[in-house]
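Taking it in order: structure first as structure tokens, then the write-up.
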Amino acid sequence: MRLIKKPISLFLALIPLLIHGGILGKYYIESVVIDDEKNQWLQPQEKGWLAGDVGHSISIDRGKIVWLFGDSFIGEYKNGNQISDGIHINNCIAIQDLTKPESEQFTFHIGENEPTRAFFPPYKEMPGSFLWPTNGFYLNNSLFIFCQSMSIDGPGFWSMVGTVFIQIDNPHDNPTNWNKKYYDFGTLPWEGDSFQQQFHSAFYLNSDMIYFMGYTQIDGLKKSILSRISKEDFIHFKKADQLEYFIEIDGVSKWSNLKENLKFLFSPGNTESNIQYIKEWDIFITTTYTALDQNILLTMAKDLKGPWSEPIVIYKNPLVVCPLKTCIETYAVRPHPEFSTKPGELIISFVTSFQGPFEEISIQAYRP
Numbered sequence: 007m008r009l010i011k012k013p014i015s016l017f018l019a020l021i022p023l024l025i026h027g028g029i030l031g032k033y034y035i036e037s038v039v040i041d042d043e044k045n046q047w048l049q050p051q052e053k054g055w056l057a058g059d060v061g062h063s064i065s066i067d068r069g070k071i072v073w074l075f076g077d078s079f080i081g082e083y084k085n086g087n088q089i090s091d092g093i094h095i096n097n098c099i100a101i102q103d104l105t106k107p108e109s110e111q112f113t114f115h116i117g118e119n120e121p122t123r124a125f126f127p128p129y130k131e132m133p134g135s136f137l138w139p140t141n142g143f144y145l146n147n148s149l150f151i152f153c154q155s156m157s158i159d160g161p162g163f164w165s166m167v168g169t170v171f172i173q174i175d176n177p178h179d180n181p182t183n184w185n186k187k188y189y190d191f192g193t194l195p196w197e198g199d200s201f202q203q204q205f206h207s208a209f210y211l212n213s214d215m216i217y218f219m220g221y222t223q224i225d226g227l228k229k230s231i232l233s234r235i236s237k238e239d240f241i242h243f244k245k246a247d248q249l250e251y252f253i254e255i256d257g258v259s260k261w262s263n264l265k266e267n268l269k270f271l272f273s274p275g276n277t278e279s280n281i282q283y284i285k286e287w288d289i290f291i292t293t294t295y296t297a298l299d300q301n302i303l304l305t306m307a308k309d310l311k312g313p314w315s316e317p318i319v320i321y322k323n324p325l326v327v328c329p330l331k332t333c334i335e336t337y338a339v340r341p342h343p344e345f346s347t348k349p350g351e352l353i354i355s356f357v358t359s360f361q362g363p364f365e366e367i368s369i370q371a372y373r374p
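With my numbering as the guide, the letters of the sequence shown map in order to residues 7 to 374.
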């Protein structure tokens, strides 16, 4: 029997989760517990970072983890109250140094010269007016951060107008000295006021390929999809037009250069997650969610191409911020493989959205 410890909790809720037989005929969830220790990592600072979403972690060796955050709040934490300084930041990062005592591990970094203080400000010749960094990977000693490139229309609806990734060749330097190279990945903008398609919800890298797990929206439902590119082609071309897509025609699945007849892996698909490979069991695991309820789901497969198991609910977020289920609720659900300590243990984080003034939200909301 195997166990997947699941630390779950607030915005940056980390969940150790244990898997054992049942799913795929071999595995089941043995236990799900709140990881109180890790849930102290991303609490509000007395002065500095208070809260933010995304919460994606990337190991860059030497005991260092890069944490990515989307929309964030900076200010003071006094007498149990979060007091924002009023400036909305679209993104920031934190560096976790695991070689230091836990109380000294995290340093947060925001932009210094931009009006919004975004750590990754929009680049003048790229699509969009601001960036949400939601995923990335470490390859050939460089850090690659993929961002949803966003714009807001007149009525206030935000829309994804492209994908921008940022290459950092000196990620072990102080982030204030990072050399950031921006690239337009060349994905199509959304049209209208609905979610449509995205390719970088999660990544998995093997010896020679980079796999992109994403989603496409069909009749209002997100369906998970898969594409890939060789590491060599990614480094050389840096463009989405080099992707191969996993498709299905007349019941036959194959890779194709054409973005048609995409094969659906499972539903719901999502905008941001992660993929964990358990080498000892030779299985892939990923999380998913609808974002409109409190359910955190898990699915697994022996191969990235599937078949993937039917997603099952492994945890229900006790926080409810949108009772009518008409707005984003629980999202940014992802495993953090670098923190697992045994086969079958999953450390999973999620974020709870919020409604109303930031100063009035629960301390448990809007953080991993």
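Idealized CB from N, CA, C, for every residue including glycine. Small disclaimer: the values here were computed from a predicted structure and weren't measured.
I need the straight-line Cα distance from residue i to residue j, nearest angstrom please.
i           : j           : result
residue 262 : residue 208 : 20 angstroms
residue 284 : residue 291 : 8 angstroms
residue 112 : residue 142 : 19 angstroms
residue 389 : residue 256 : Only positions 7 to 374 of the chain appear in this structure, which leaves residue 389 out of reach.
residue 348 : residue 340 : 18 angstroms
residue 174 : residue 320 : 36 angstroms
residue 138 : residue 205 : 14 angstroms
residue 193 : residue 83  : 40 angstroms
residue 369 : residue 88  : 8 angstroms
residue 361 : residue 60  : 17 angstroms
residue 224 : residue 230 : 11 angstroms
residue 197 : residue 81  : 36 angstroms
residue 145 : residue 322 : 35 angstroms
residue 166 : residue 186 : 21 angstroms
residue 276 : residue 310 : 16 angstroms
residue 41  : residue 121 : 37 angstroms
residue 105 : residue 44  : 16 angstroms
residue 188 : residue 32  : 44 angstroms
residue 334 : residue 328 : 7 angstroms
residue 273 : residue 220 : 11 angstroms
residue 281 : residue 353 : 12 angstroms
Distance cutoff 8 angstroms, beta carbons only. Does residue i sit that close to anything in chain D?
i           : result
residue 159 : As a matter of chain content, chain D is missing from the structure shown, which is built from one protein chain.
So is residue i buried or exposed if we call it buried at 16+ other beta carbons inside 10 Å?
i           : result
residue 56  : buried
residue 15  : Low per-residue confidence applies at residue 15: pLDDT is 30, beneath 50, and the placement is therefore not dependable, though the value from the model is reported in the following sentence. By the 10 Å Cβ count, residue 15 comes out buried.
residue 313 : exposed
residue 126 : buried
residue 375 : Residue coverage of the chain in this structure runs from 7 to 374, which leaves residue 375 outside it and unanswerable.
residue 102 : buried
residue 326 : exposed
residue 68  : exposed
residue 19  : For residue 19, the predicted model reports a pLDDT of 40, less than 50, meaning its position is unreliable and no value from the coordinates is stated.
residue 92  : exposed
residue 358 : buried
residue 133 : buried
residue 131 : exposed
residue 4   : Residue 4 cannot be examined here, being either before or after the span of the chain that is shown, 7 to 374.
residue 72  : buried
From the DSSP output, which residues share a beta bridge with residue i?
i           : result
residue 187 : 173
residue 372 : Bridge partners of residue 372: none, in fact.
residue 340 : 355
residue 329 : According to DSSP, residue 329 bridges with nothing at all.
residue 82  : 53 and 89
Please tell me whether residue i and residue j are closer than 8 angstroms, where the distance is taken between their beta carbons.
i           : j           : result
residue 222 : residue 191 : no
residue 299 : residue 336 : yes
residue 296 : residue 304 : no
residue 90  : residue 365 : yes
residue 140 : residue 278 : yes
residue 116 : residue 95  : yes
residue 381 : residue 136 : The structure shown does not extend to residue 381, since the chain is modelled only from 7 through 374, so no value can be given for it.
residue 249 : residue 218 : yes
residue 48  : residue 62  : no
residue 260 : residue 253 : yes
residue 177 : residue 211 : no
So is the beta-carbon of residue i under 7 angstroms away from any non-hydrogen atom of the ligand ADP?
i           : result
residue 180 : The ligand ADP is not part of this structure, which contains no ligands at all.
Which runs of the beta strand (DSSP E), 3 residues or longer, sit entirely within the region 110 to 137?
112 to 115
Please go through the region 224 to 299 and give each complete beta strand (DSSP E) segment of 3 or more residues, from N-terminal end onward.
227 to 236, 250 to 255, 258 to 262, 281 to 284 and 289 to 294
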